[in-house]
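Q: Note that the protein sequences, when read in sequence, are chains A and B.
Using UniProt numbering, you'd call the opening residue of the first sequence number 1 and step up by one each time.
Using UniProt numbering, you'd call the opening residue of the second sequence number 1 and step up by one each time.
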Amino acid sequence: MRRALAVVLALTALAASACGVGGGETLLDKDTVVIGVRPDLPQVGFRTSRGTFEGFDVDVAAYVAKKLGKKAVYRAVLAADREKVLVDGQADMVLATYTISQDRKAKVLFAGPYHISYQDILTRPGEQIRNVRDLRGRTICNVKGSNAADRVVVERGIAARLAPFDDYAACLSALKGGKVDAVTTNDVILAGLAIRDGSGLRLANAQFNEQRTGVGLRKGDVAGCEAVNRAITDMYQDGTASRLLHKWFGSAGLDLSTIAVPQFEGCS
Amino acid sequence: MTMVQARVASPPARRSVPGSIRVISGITVASLALLFAALAVGGVSARDGLRVIGRDAGPQVVATAGLYFALSDMDAQVADVLVLGRAYEQQRRAALARYDERRLEANRALLKAFELSGDNPAERRTAESLLDGLGRYERLAGQALLLNERSSHEPGPPPDEVVRTYRQATDLMRLVLLPQAYNLTLENGTIVRRTYDEKAVVVPLVRVAVVVAGLLALACLVWLQVFLARRFRRVFGPALLAATVATLVALVAGVAVLGQDQEALRRAKKAGFDSVLTVARARAISTSMQGDESRYLLDKERADTYEHTFLDKSLAVLYLEAGNLSTYHKAVAERSSKALGLLGPELAARDGQAVLETYRGFQAADTEFRRLVAEGRNADAVAARLGPVRQAFDAYDQALLVMSGRHENVFERAIDTGESSLDNLWRLLPFAIGGIALLMFAGVWPRLKEYR
Chain A
1 MRRALAVVLA LTALAASACG VGGGETLLDK DTVVIGVRPD LPQVGFRTSR GTFEGFDVDV
61 AAYVAKKLGK KAVYRAVLAA DREKVLVDGQ ADMVLATYTI SQDRKAKVLF AGPYHISYQD
121 ILTRPGEQIR NVRDLRGRTI CNVKGSNAAD RVVVERGIAA RLAPFDDYAA CLSALKGGKV
181 DAVTTNDVIL AGLAIRDGSG LRLANAQFNE QRTGVGLRKG DVAGCEAVNR AITDMYQDGT
241 ASRLLHKWFG SAGLDLSTIA VPQFEGCS
Chain B
1 MTMVQARVAS PPARRSVPGS IRVISGITVA SLALLFAALA VGGVSARDGL RVIGRDAGPQ
61 VVATAGLYFA LSDMDAQVAD VLVLGRAYEQ QRRAALARYD ERRLEANRAL LKAFELSGDN
121 PAERRTAESL LDGLGRYERL AGQALLLNER SSHEPGPPPD EVVRTYRQAT DLMRLVLLPQ
181 AYNLTLENGT IVRRTYDEKA VVVPLVRVAV VVAGLLALAC LVWLQVFLAR RFRRVFGPAL
241 LAATVATLVA LVAGVAVLGQ DQEALRRAKK AGFDSVLTVA RARAISTSMQ GDESRYLLDK
301 ERADTYEHTF LDKSLAVLYL EAGNLSTYHK AVAERSSKAL GLLGPELAAR DGQAVLETYR
361 GFQAADTEFR RLVAEGRNAD AVAARLGPVR QAFDAYDQAL LVMSGRHENV FERAIDTGES
421 SLDNLWRLLP FAIGGIALLM FAGVWPRLKE YR
């Protein structure tokens with residue numbers, strides 16, 4: 001009887017592993033995962049002079065990869081390429097200040113969000129821009145691949161002029177050179193830029209849009225998405241999230257009074 | 001054992017007959033054991049799947065969705081009371097009564113969720129943290145209500161001091177408590193998906209194993225009969241014939257029950273649970289949307305943020321291409337039929353039309369409400385929020401509940417069907433095993449006795 005049971009169980013296990021329970025490609029089947037992170041955002045995702053990556057997103061990526069039991073390999077991904085690297089299979093996960101939106105969800109799957117930030121405004125010291133409405137008639141950076149400037153003009157309906165830039169470094173020097181009046185995007189990105197710049201650029205603390213920063217995954221990888229969500233829950237429950245947020249943004253005057261696991265987007 | 005004895009005696013052909021009978025009988029019994037073992041494994045596995053999906057995760061989704069709704073509405077009621085000011089005494093009392101009602105509901109749902117979390121440590125931690133948080137929320141909300149009462153302001157935004165206290169309360173609710181309740185709902189979706197994916201492979205496979213073992217057992221029984229018939233020059237022994245028929249019946253019944261369970265699991269998951277979960281999520285997001293309306297009215301400094309979260313949530317519930325709220329309002333009103341988002345796939349069902357119509361009504365009421373705010377008509381906006389907007393939302397919520405109820409019925413029926421067919425198998429199995437064993441014995445023992 002026991003042997004028969006064992007035979008049946010063995011047969012079942014064999015077939016189950018052969019079919020791969022659930023089916024569909026998932027990053028959980030890999031030993032090494034390629035993670036896309038930003039190379040251009042100080043404190044968030046930044047390539048150091050030694051060629052390694054550092055920042056909040058990178059630390060979160062490392063934590064998640066460890067929780068999944070995977071070796072992590074990082075690759076640089078700019079705002080404009082985040083969707084492409086996932087769709088083409090050049091990266092398994094993207095943690096690159098990737099804001100969850102319904103139209104992006106048509107192409108990629110989002111785990112998380114792992115952080116809720118707000119859209120904010122960075123200006124030269126002494127500038128009188130306090131909230132989003134003060135951007136009327138002013139020139140703001142429109143960084144390629146980021147939807148932040150659109151959210152001011154289209155979503156909030158504020159008539160600001162857009163000046164296109166490839167990345168935040170170019171945008172920041174234009175701000176300091178007076179070619180643009182303000183930079184607007186996630187407060188964490190602005191905080192990182194201000195910390196690195198060190199010349200006294202200031203955050204308006206306008207907090208006008210909630211930005212849900214998620215983990216980009218290939219569409220259809222439901223099992224991978226659920227596993228990442230569990231890892232993010234652990235990250236908040238064991239205090240790592242709070243430690244990382246204070247480590248990277250504590251000095252920038254960012255409001256860190258409420259640190260709690262965000263409401264997930266859901267994997268299906 | 002029997003083989004060894006036969007060989008040691010190195011007997012002439014006739015004396016090996018009892019040995020052969022023993023060998024063939026042994027193989028037959030082994031294959032029967034295999035059949036019943038496979039049936040038992042299949043039954044246990046299917047029952048486990050039905051229990052996890054039907055008795056743990058399914059009810060937990062309903063409990064946590066109820067929790068979310070109650071918590072979210074508590075916060076919306078507080079915001080309503082704060083914008084009412086000293087006018088609208090009747091509405092103020094109604095909102096406070098609704099707050100108390102939701103608080104009771106939240107407590108009950110939380111207890112239920114805690115009970116259902118069983119020995120899952122992460123779920124337990126979440127439920128405990130919710131319990132702690134709810135206490136803190138009630139304290140902060142109480143302070144805001146008290147300050148509001150003292151200030152005795154006009155309908156519309158209350159004084160800064162009240163707004164600041166309410167902000168602490170609503171931040172705790174929206175940023176700490178509600179996400180935990182929502183994630184608990186999602187986590188149960190994960191549990192169901194994993195269980196279902198596993199069972200969708202295991203149960204059909206065991207079913208194949210049952211067929212193979214059953215055919216093997218039948219072949220052995222026939223072989224035994226043919227052997228006995230030849231050696232003892234008898235046409236079929238009635239006992240063995242009956243054992244063969246009983247085995248056939250057990251095989252057919254077992255395969256049928258496992259097939260029914262497979263189908264029950266599929267129906268429970270695909271036609272029931274998935275939709276229950278989707279509607280629960282849509283309802284949760286919609287509830288916090290209508291809270292955002294009151295908060296938009298209440299907190300001028302954060303009005304842009306609350307308008308944006310309202311749009312964000314609208315897009316999640318029913319996605320139509322729209323870059324801002326007024327475009328969205330237009331798009332919803334123009335009856336764009338091809339919608340994505342959580343409710344998109346659900347709208348094709350027959351109660352989907354009612355959901356879509358009432359959702360449209362709610363968004364139309366919101367359009368009017370925001371127009372009043374934009375014109376600075378605070379008192380009218382408050383009246384609209386508590387009148388037409390609230391009514392439109394309640395109608396929409398009711399339509400969602402009807403839709404959810406239909407899916408819950410499908411879900412429960414599938415689980416009940418699966419469990420009752422398993423119960424029947426479970427009841428018959430001991431009789432089948434005992435009966436077949438007796439018949440085998442009755443068929444073989446008299447033949448062996450002839451050699452004593």
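Note that the Cβ used here is the ideal one computed from N, Cα and C, for glycine as well.
Computed from a predicted model, the values in this text were never measured in an experiment.
So does the stretch 256 to 263 of chain B actually touch the stretch 338 to 348 of chain B, counting three or more Cβ pairs closer than 8 angstroms?
A: Note that the stretch 256 to 263 of chain B does not touch the stretch 338 to 348 of chain B; fewer than 3 beta-carbon pairs, one per stretch, sit closer than 8 angstroms.
Q: Compare the Cα-Cα distances from residue 282 of chain A to each of A/T99, A/K71, A/L68 and report the closest residue.
A: Absent from the model: residue 282 of chain A. The displayed extent of chain A is 1 to 268, so no value can be given.
Q: The alpha helix (DSSP H) that contains A/A35, what's its start and end?
A: A small correction: the amino acid at residue 35 of chain A is Ile; Ala does not occupy that position in the sequence shown. Element bounds for A/I35: not the alpha helix (DSSP H) but the beta strand (DSSP E), 32 to 37.
Q: Would you grab the beta carbon distance between A/Q46 and A/G214 for me? Rounded to a whole angstrom, and I think it's under 8 angstroms.
A: Looking at the sequence provided, one finds Phe at residue 46 of chain A rather than Gln. Wrong, their Cβ atoms sit about 20 angstroms apart, outside the cutoff.
Q: Assess contact between the stretch 46 to 63 of chain B and the stretch 272 to 283 of chain B, defined as three or more Cβ pairs (one per stretch) separated by less than 8 angstroms. Is contact present?
A: They touch, by the three-pair rule.
Q: Using Cβ-Cβ distances below 7 angstroms, what residues of the stretch 341 to 353 of chain B are close to chain A?
A: Cβ contacts with chain A: G341.
Q: For the candidate residues B/L372, B/A379, B/A271, B/S421, whose alpha-carbon lies nearest to that of B/E154?
A: B/A379
Q: Look at the alpha carbon of B/W445 and the alpha carbon of B/L221, and state the distance between them as a whole number of angstroms.
A: One Cα belongs to B/W445, the other to B/L221, and the distance between them is close to 15 angstroms.
Q: Please classify B/V226 as buried or exposed, where buried requires at least 16 other C-beta atoms within 10 Å of its C-beta.
A: By the neighbour-count definition (other C-beta atoms within 10 Å, threshold 16), B/V226 is an exposed residue.
Q: Which chain B residues sit within Cβ distance under 9 angstroms of A/N209?
A: D304, T305, H308, T309, D312
Q: Shortest alpha-carbon distance to B/V388 belongs to which of B/A331, B/E375, B/T358?
A: With the sequence shown as reference, residue 388 of chain B is identified as Pro, and Val is not the correct amino acid for it. When each option's Cα is compared against that of B/P388, the closest is B/T358.
Q: Just how far apart, CA to CA, sit B/Q5 and B/W426?
A: For B/Q5, the pLDDT reaches just 45, beneath the cut-off of 50, and the residue's location in the model is therefore unreliable, leaving the point undetermined.
Q: Note down, one range per segment and in chain order, each alpha helix (DSSP H) of at least 4 residues found wholly within the stretch 9 to 87 of chain B.
A: 17 to 51, 58 to 84
Q: Could you tell me whether the stretch 127 to 144 of chain A touches the stretch 199 to 208 of chain A, using the rule of 3 or more Cβ pairs below 8 angstroms?
A: yes
Q: Using a cut-off of 7 angstroms between C-beta atoms, extract the partners of B/Q180 located in chain A.
A: Chain A residues near B/Q180: V261.
Q: Put B/H153 into one of helix, strand or coil per three-state DSSP.
A: coil
Q: Would you mind telling me which residues of chain A sit closer than 7 angstroms to B/D171, beta carbon to beta carbon, in chain order?
A: T258
Q: Taking the CB atoms as reference points, tell me whether residue 344 of chain A and A/D197 lie closer together than 8 angstroms.
A: Only positions 1 to 268 of chain A appear in the structure, and residue 344 of chain A is not among them; the question remains open.
Q: Identify, in the order they occur along the chain, each residue of the same chain with its Cβ nearer than 6 angstroms to the Cβ of residue 477 of chain B, setting aside the five sequence neighbours on each side.
A: Missing from the structure shown is residue 477 of chain B; chain B here goes from 1 to 452 and no further.
Q: Considering Cα atoms alone, identify which of A/A76, A/P125, A/A148, A/D81 is closest to A/G55.
A: The option with the nearest alpha carbon to A/G55 is A/A76.
Q: Classify B/N424: buried if its beta carbon has 16 or more other beta carbons within 10 angstroms, exposed otherwise.
A: exposed
Q: My guess is that B/R267 and B/A414 are in contact by the Cβ rule of under 8 angstroms, so how many angstroms apart are they, rounded?
A: The beta carbons of B/R267 and B/A414 sit about 4 angstroms from each other, so the pair counts as a contact at 8 angstroms.
Q: Cβ closer than 9 angstroms: which chain A residues qualify as neighbours of B/A122?
A: R230, T233, D234, Q237
Q: For A/G266, which three-state DSSP category applies?
A: coil
Q: Is the distance from the Cβ of B/A239 to the Cβ of B/A432 below 8 angstroms?
A: no
Q: Within 10 Å of its beta-carbon, does A/F264 have 16 or more other beta-carbons around it, so buried, or fewer, so exposed?
A: A/F264 comes out buried.
Q: Span of the beta strand (DSSP E) holding A/P113?
A: Per DSSP, the unbroken beta strand (DSSP E) holding A/P113 starts and ends at 108 to 123.
Q: Taking a Cβ distance cut-off of 7 angstroms, strictly less, list which residues of the stretch 255 to 281 of chain B are near chain A, in chain order.
A: Within the stretch 255 to 281 of chain B, the qualifying residues are R281.
Q: Is B/N107 helix, strand or coil by DSSP?
A: DSSP, reduced to helix, strand and coil, places B/N107 within a helical segment of the structure shown.
Q: Just to make sure I have the definition right: I need the residues of chain B whose C-beta is within less than 7 angstroms of the C-beta of A/V143. Which are they?
A: Around A/V143, no beta-carbon contact reaches into chain B at under 7 angstroms, the shortest distance being about 18 angstroms.
Q: So, for A/A62: in the same chain, excluding its five sequence neighbours on each side, which residues have a beta-carbon less than 7 angstroms away from its beta-carbon?
A: A72
Q: Return the CA-CA distance between B/R47 and A/E25, expressed in angstroms with no decimal places.
A: 29 angstroms
Q: Helix, strand or coil: which one does DSSP assign to A/A204?
A: coil
Q: Mind checking A/W248: buried by the 16 CB within 10 Å criterion, or exposed?
A: buried
Q: State the DSSP-derived secondary structure class of A/G22, mapped to helix, strand or coil.
A: For A/G22, the predicted structure reports a pLDDT of 44, less than 50, and the residue's modelled location is therefore unreliable. The matter cannot be settled from this model.
Q: To test your reading of the DSSP string, which unbroken alpha helix (DSSP H) runs of 4 or more residues are found completely within the stretch 164 to 198 of chain A?
A: Qualifying alpha helix (DSSP H) stretches, in chain order: 168 to 176, 187 to 197.
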